[in-house]
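So the structure is just underneath, and the comments pick up after that.
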Amino acid sequence: MVAGQRDRAVLVSGEHATGGARFDVPEVDAFTRPYWDAAAEGRLLIRHCADCDRAHHYPREFCPYCWSEDVRWRPASGHATLYTWSVVHRNDLPPFGERVPYVAAVVDLAEGPRMMTEVVECEGDALRIGMGLEVAFRAGVPVFRLL
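Next comes the structure, spelled out in structure tokens:
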């Protein structure tokens, strides 16, 4: 490969064809498996605390508000509003290089937590803070699109 040339290898079975690391999918462990299994079925789950009645995301085994360990998975509505975003024009990590430009975003889920994600099916210049979004799934990963 010529120095400075981007790796354009095709993705095969969730792994980069060159055998290199992928940076768009996390490692699934026993704790997060319910989240990723639901996402593969087109459902978004968040964690909810039974003690203080608050939802949180990213998934943790304890409540970040009251420190209770009485937290459970709960279905999310899939609705959100756009909090902020950035259009990414360069990313050398596979497979993001093939996706540029893309919209990296933070959304406020209807249940309260904020979530880092990607907005799809929309150009960055059409986005506005507070816009309504709905969850969609790309290869088992939650992304958001305009309502």
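Residue numbers (my numbering): 197 to 343.
Glycine residues also receive a C-beta, built at the ideal position from the N, C-alpha and C atoms.
A quick note: this is a predicted structure, and the numbers were derived from the prediction, not measured.
Name the DSSP bridge partner or partners of residue i?
| i | result |
| --- | --- |
| W281 | A301 |
| W269 | R243 |
| E314 | A300 |
| A276 | L305, L329 |
Leaving out five residues before and five after residue i in sequence, what residues of the same chain have Cβ atoms less than 7 Å from its Cβ?
| i | result |
| --- | --- |
| A286 | Strictly speaking, residue 286 in this sequence is Arg, with Ala absent from that position. Around R286: V296. |
| E314 | Y298, V299, A300, A301, V339 |
| E330 | G274, H275, F340, R341, L343 |
| E265 | E257, F258 |
Count the other CB atoms within 10 Å of the CB of residue i; is the residue buried (16 or more) or exposed (fewer)?
| i | result |
| --- | --- |
| T214 | Residue confidence is low: T214 scores 48 on pLDDT, short of 50, so the model does not pin down where it sits. Its coordinate-derived value is still stated next. Exposed, because fewer than 16 other Cβ atoms sit within 10 Å of the Cβ of T214. |
| F340 | buried |
| V262 | A small correction: the amino acid at residue 262 is Cys; Val does not occupy that position in the sequence shown. Label assigned to C262: exposed. |
| W232 | buried |
| A272 | buried |
| L241 | buried |
Just to confirm my understanding: we take residue i, look at its own chain, exclude 5 residues before and 5 after, and list those with CB closer than 6 Å. What are they?
| i | result |
| --- | --- |
| V302 | Y279, T280, R310, M312 |
| V267 | R243, C245, C259 |
In this structure, how does DSSP classify residue i when only helix, strand and coil are distinguished?
| i | result |
| --- | --- |
| P338 | strand |
| E330 | strand |
| E294 | helix |
| P230 | helix |
| A251 | strand |
| A322 | helix |
Would the beta-carbon of residue i fall within 9 Å of that of residue j?
| i | j | result |
| --- | --- | --- |
| H275 | A234 | no |
| E319 | A332 | no |
| A236 | G336 | yes |
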